[in-house]
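Asker: Residue numbering for the sequence shown follows UniProt numbering, beginning at 1 and increasing consecutively. Just so it is clear, CB atoms sit at the ideal spot from N, CA and C, and this is done for glycine as well. Predicted model only: the values in this text are computed from it and were never measured. This structure is in structure tokens; I'll ask about it shortly.
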Amino acid sequence: MPEGDTVYHQASALRAVLAGKFLESTQFRVPQYATADLSGELVEEVLSRGKHLLIRAGETTIQSHLKMEGIWHVYPRNGARWKRPGHTARCVLNTAEHQAVGFSLGELHLMPRTSEDSFFADLGPDLLGPDWDQDEARRRLQAQPERSLGVALLDQRNLAGIGNVFRSEICFLSRLRPETPVGEVADLDSVLEMSYRLLQVNKNRSRRATTGSASTAISLWTYGRAGKLCLRCQTPIIRYYLGEEQLRQAAIEDRSVYVCPYCQPARV
């Protein structure tokens, strides 16, 4: 499931082949930008902002969001066969040596670079950004103390980069039920520090891991392990749904949470 670490990793791969290169041809396979052409523009930068991937070419920014199924692939310009069906390609960027293709992108926008600040005005501090601000993230979370921690962590307006996998893992490692109100979390800073460490350690990994090493057979504590035994206490992991309808409509992604009922005791 694409989260902040996945987007960071994808941006790094695209940066390696696009940054400092001129675009020879471009295709934007969405009606709104079907006639757009950035041929001849220099790609100055490729970066991630939370779950958004930005490609800055000339005076234009190409913004994409992977949502559930999106992915960027890089191919050599020698006619290499795409690994995804052609009809799922939404963006094709060609340089002299490489081809970058965005498949099944949940969002794709072209905007003037001067519009970036307004486009991302509501986005919270980026856990993988150079200007990560834990104090601001705490302030935003505490502004709605009645909200459940699990829902608040997913809201990109509070802090950017956490998705459903990290939400479950952060709550487990913090020994908190996801439905615990933010106002009842005794040490919110430790939750934020845990969030920061998990995304930082995974940003350059091809396989996400929260249990220590990505090479271990089981790389996650709870997510996707309903009915299986907790790695700490051997209690079966349970799964249930947690979310707000507004957030469910805003982003198509799984809203299930995975919990160890012993390590994360229910509130009395």
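Using only the alpha-carbon positions, how far apart do G150 and I170 sit?
Answerer: Here residue 150 is taken as the residue at index 150 of the sequence shown, counted from 1. Here residue 170 is taken as the residue at index 170 of the sequence shown, counted from 1. Between G150 and I170, the C-alpha separation is close to 9 angstroms.
Asker: Return helix, strand or coil for E253, following the three-state DSSP convention.
Answerer: In the sequence shown, residue 253 corresponds to position 253, counting from 1. Model confidence at E253 stands at a pLDDT of 48, short of 50, so the residue's coordinates are unreliable; what they give is reported in the following sentence. Looking at E253 - three-state DSSP - the assignment turns out to be coil, as it is neither helix nor strand.
Asker: What's the gap between the Cα of L108 and the Cα of T235?
Answerer: As a position in the sequence shown, residue 108 is number 108, starting the count at 1. As a position in the sequence shown, residue 235 is number 235, starting the count at 1. The alpha-carbon atoms of L108 and T235 are separated by roughly 43 angstroms.
Asker: Take G161 as the anchor and find which of Q200, E146, I238 and S174 has the nearest alpha-carbon.
Answerer: Numbered from its first residue, the sequence shown carries residue 161 at position 161. Selected option, being the one with the closest Cα: Q200.
Asker: Take Q63 as the anchor and find which of T95, Y75 and L47 has the nearest alpha-carbon.
Answerer: For this step, residue 63 is matched to residue 63 along the sequence shown. Comparing Cα positions, the closest option is L47.
Asker: What span of residues does the alpha helix (DSSP H) with G102 cover, start to end?
Answerer: Working through the sequence shown from its first residue, we reach residue 102 at position 102. First-last for G102: H98 to F103, but that is the beta strand (DSSP E), not the alpha helix (DSSP H).
Asker: Three-state secondary structure (DSSP) at M68?
Answerer: Translated into positions along the sequence shown, residue 68 becomes position 68. Coil.
Asker: What number of angstroms, rounded off, separates the C-alpha of D37 from the C-alpha of D135?
Answerer: Taking the first residue of the sequence shown as 1, we reach residue 37 at position 37. Taking the first residue of the sequence shown as 1, we reach residue 135 at position 135. Each residue's alpha carbon lies about 41 angstroms from the other.
Asker: Could you tell me the boundaries of the beta strand (DSSP E) in which H9 lies?
Answerer: Here residue 9 corresponds to residue number 9 of the sequence shown, with the count starting at 1. Run containing H9: none in the beta strand (DSSP E); it sits in the alpha helix (DSSP H), G4 to L18.
Asker: For V165, which option in A16, C260 and Y223 has the closest C-alpha, if you only look at C-alpha atoms?
Answerer: As a first step, residue 165 must be located in the sequence shown, where it is residue number 165. The option with the nearest alpha carbon to V165 is Y223.
Asker: Under 6 angstroms Cβ to Cβ from L173, same chain only, skipping five residues before and after it: list those, please.
Answerer: For the purposes of this step, residue 173 is identified with residue 173 of the sequence shown, where counting begins at 1. The residues are M194.
Asker: So what's A152 in DSSP terms, helix, strand or just coil?
Answerer: In the sequence shown, the residue the question calls residue 152 occupies position 152. Note: A152 maps to helix in three-state DSSP.
Asker: Within 10 angstroms of its Cβ, does E253 collect 16 or more other Cβ (buried), or is it exposed?
Answerer: Taking the first residue of the sequence shown as 1, we reach residue 253 at position 253. Because E253 sits at a pLDDT of 48, beneath the cut-off of 50, its placement in the model cannot be relied upon, and the following sentence gives the value as read from the coordinates. Per the 10 Å Cβ criterion, buried.
Asker: Identify whether R140 lies in helix, strand or coil by the three-state DSSP scheme.
Answerer: Here residue 140 is taken as the residue at index 140 of the sequence shown, counted from 1. DSSP places R140 in helix when its eight states are reduced to three.
Asker: Distance check for A34 and F28, CA to CA, integer angstroms please.
Answerer: Residue mapping note: residue 28 aligns to position 28 of the sequence shown, counting from 1. Residue mapping note: residue 34 aligns to position 34 of the sequence shown, counting from 1. Near 5 angstroms, if we compare the C-alpha coordinates of A34 and F28.
Asker: Excluding sequence positions up to five away, which residues of its chain have a Cβ less than 8 angstroms from the Cβ of C230?
Answerer: For the purposes of this step, residue 230 is taken as residue 230 along the sequence shown, with counting starting at 1. Hits under 8 angstroms: W221, T222, P236, I237, C260, Y262 and C263.
Asker: Within the chosen definition, does the region 99 to 107 reach the region 68 to 76 through at least 3 CB pairs nearer than 8 angstroms?
Answerer: Yes, the region 99 to 107 touches the region 68 to 76.
Asker: Could you spell out where the alpha helix (DSSP H) holding E193 opens and where it closes?
Answerer: What you label residue 193 is simply residue 193 of the sequence shown in a count that begins at 1. Note, E193: alpha helix (DSSP H), L188 to N202.
Asker: Could you give the DSSP three-state label for L123: helix, strand or coil?
Answerer: For this step, residue 123 is matched to residue 123 along the sequence shown. Correct three-state label for L123: coil.
Asker: Taking all protein chains shown into account, decide if S25 is buried (16 or more other Cβ within 10 angstroms of its Cβ) or exposed.
Answerer: The sequence position of residue 25 within the sequence shown is 25, counting from 1. The residue in question, S25, is exposed, as its Cβ has fewer than 16 Cβ neighbours within 10 Å.
Asker: So, under 8 angstroms CB-CB, G124 and Q156 are touching, yes? Tell me the CB distance rounded to an integer number of Å.
Answerer: The residue labelled residue 124 in the question sits at position 124 within the sequence shown. The residue labelled residue 156 in the question sits at position 156 within the sequence shown. The Cβ separation is near 6 angstroms, so the contact holds.
Asker: Mind checking which residues open and close the beta strand (DSSP E) that includes Q231?
Answerer: Taking the first residue of the sequence shown as position 1, residue 231 is located at position 231. In the sequence as presented, Gln is not what sits at residue 231; that position holds Leu. From DSSP, L231 is part of no beta strand (DSSP E); its letter is neither H nor E.
Asker: Is the separation between the beta-carbon of A57 and that of E41 shorter than 9 angstroms?
Answerer: As a first step, residue 57 is located in the sequence shown; it is residue number 57 there, counting from the start. As a first step, residue 41 is located in the sequence shown; it is residue number 41 there, counting from the start. Their beta carbons are under 9 angstroms apart, which means A57 touches E41 by this criterion.
Asker: How about G50 and L127: do their beta carbons lie closer than 9 angstroms?
Answerer: As a first step, residue 50 is located in the sequence shown; it is residue number 50 there, counting from the start. As a first step, residue 127 is located in the sequence shown; it is residue number 127 there, counting from the start. Yes.
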